[in-house]
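For reference, the structure discussed in these notes is given below.
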Amino acid sequence: METPVPATNVAHPATGEPTSPALSALARRWALLGALVNVLFAAVKIAAGAVGNSYALIADGVESGLDVAGSLVIWFGLKYSERQPDENHPFGHGKAEPMAALVVAAGVLTAAVVLAAQSVREIFFVAKSRPAPTAWTLAVLVVVILIKEALFRRVVHLGEELGSSAARADAWHHRSDALTSVAAFVGIVIAILGGPAWAGADAWAALVACAFIAFNGVRMLLPAVGEIMDVAPPPEIEQKVRAAAAAVPGVLTPEKCRVRKMGLEFYVDLHIAVDGAISVDAGHNIAHRVKDAIRAADARIADVLVHVEPA
Ligand SMILES: [Zn+2]
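Using the numbering used here, read the sequence shown as starting at 3 and increasing by one per residue.
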């Protein structure tokens, strides 16, 4: 049976930044609040857009819905990735996390393309034959923009306090949502004031929303692909590994060092040069001390494979 790792070492999946438990609990509460706000906004925007004749508002609502679905998939991916290594997965289940991000990114990018195609159709074929958006949709958008901007300010502050780029990324997503809604607001105002000649402005605003959706999709896709491809983690990790190994008595120099990330953890392969005249037993002891020193240097390092070279 697999048992989940107890959540003592709370670190962000993408950056592995350690955070204090109380603050990260606070960050999780704000992330949950953000998701609940998105559920509400998705429903309100899509309904208001349909009733109030605004395609931009519908696209904005679909974006909020995608945010919710994305958060859910990521959450399950993260839960699964925390499972401990088992017979079939000796390196653990960490890759479940970037795979979940990949699935979400694919969904988000598909939605961006479908919505964009729909917006173009609206601009060229449908907009002129439709009644202009109704003015009260603007009131809905003002409330939405104010709440999203407030969420941005609170969460970005929290992100600074935590030093967590997860919370910061979350905060900037709130602001990008606010900007999507600003674009919808502007499009609707132009469509109402401009009359039939400017009826396409609302769908142009939807196209702006698509650009934001695509941008968020790509921003999610790239780190996920990097992690699946075992891209080199931030150089600080390797520097820490080398410094810890070099400080162990008997190590002449640390040589080749490879680090890869599995979920929240790192796996290290390290070559060390030792005096070639010492016994296998002595060399083996040095290798063990190197492993312990490296694991002590950073709690996120799950395992270290040390290869001993005679100098
Ligand atoms: Zn969003």
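Where is the CB? At the ideal position from N, CA and C, for every residue including glycine.
- In the DSSP assignment, T255 falls within the unbroken beta strand (DSSP E) covering 255 to 264.
- E65 has its Cβ nearer than 7 Å to a heavy atom of ligand 1.
- In the three-state DSSP reduction, I215 falls in the helix class (H, G or I).
- In this structure, T136 and N55 form a Cβ contact; the two beta carbons are roughly 6 Å apart against a cut-off of 8 Å.
- A71 and E124 have their alpha carbons spaced roughly 26 Å apart.
- Assignment of E267 by DSSP, reduced to helix, strand and coil, places it in the strand class.
- E151 has its alpha-carbon roughly 57 Å from the corresponding atom of N287.
- Contact check for A37 and A169: beta-carbon distance about 14 Å, past the 8 Å limit, so the pair fails to qualify.
- Between the segment 300 to 310 and the segment 134 to 148 there are fewer than three inter-stretch CB-CB distances shorter than 8 Å, so the stretches are not counted as touching.
- Here D305 carries a strand assignment [DSSP, helix/strand/coil].
- For W77, the closest C-alpha among the options A234, A102, E240, I60 is that of A102.
- Assigned with DSSP and collapsed to three states, H95 falls in coil, not helix or strand.
- When the Cα atoms are used, R291 and A313 turn out to be separated by approximately 18 Å.
- Here A226 really is in contact with L104; their C-beta atoms are around 5 Å apart, less than 8 Å.
- A contact is defined here as three or more CB-CB pairs under 8 Å, and the segment 104 to 114 meets this definition with respect to the segment 212 to 228.
- In its chain, beyond the 5 residues on either side, G252, L254, P312, A313 have a beta carbon closer than 8 Å to the beta carbon of D277.
- A180 has its alpha-carbon roughly 31 Å from the corresponding atom of L266.
- Linking A171 to E163 through their CA atoms gives a straight-line distance of about 14 Å.
- Straight-line measurement puts the Cα of G197 at about 39 Å from the Cα of L35.
- With at least 16 other beta carbons inside 10 angstroms of its own, A98 counts as buried.
- The DSSP-derived three-state label of A275 is strand.
- V122 and L143 have their C-alpha atoms some 22 Å from each other.
- Inclusion of D179 in the 7 Å shell around ligand 1 follows from its C-beta lying nearer than that to a non-hydrogen atom of the ligand.
- Setting aside the 5 residues that flank it on each side, I192 is surrounded in the same chain by W200, A203, each with a C-beta closer than 7 Å to its C-beta; the list follows chain order.
- DSSP lists V276 as the beta-bridge partner residues of P312.
- Per DSSP, the continuous alpha helix (DSSP H) segment holding R155 begins and ends at 138 to 164.
- In this structure, A58 is the residue among A58, F43, A52 with its C-alpha nearest to the C-alpha of V210.
- Cβ-Cβ separation between G165 and A173: approximately 13 Å, too far for a contact (criterion under 8 Å).
- For E240, the enclosing alpha helix (DSSP H) covers residues 237 to 248.
- Boundaries of the alpha helix (DSSP H) around A284: 282 to 299.
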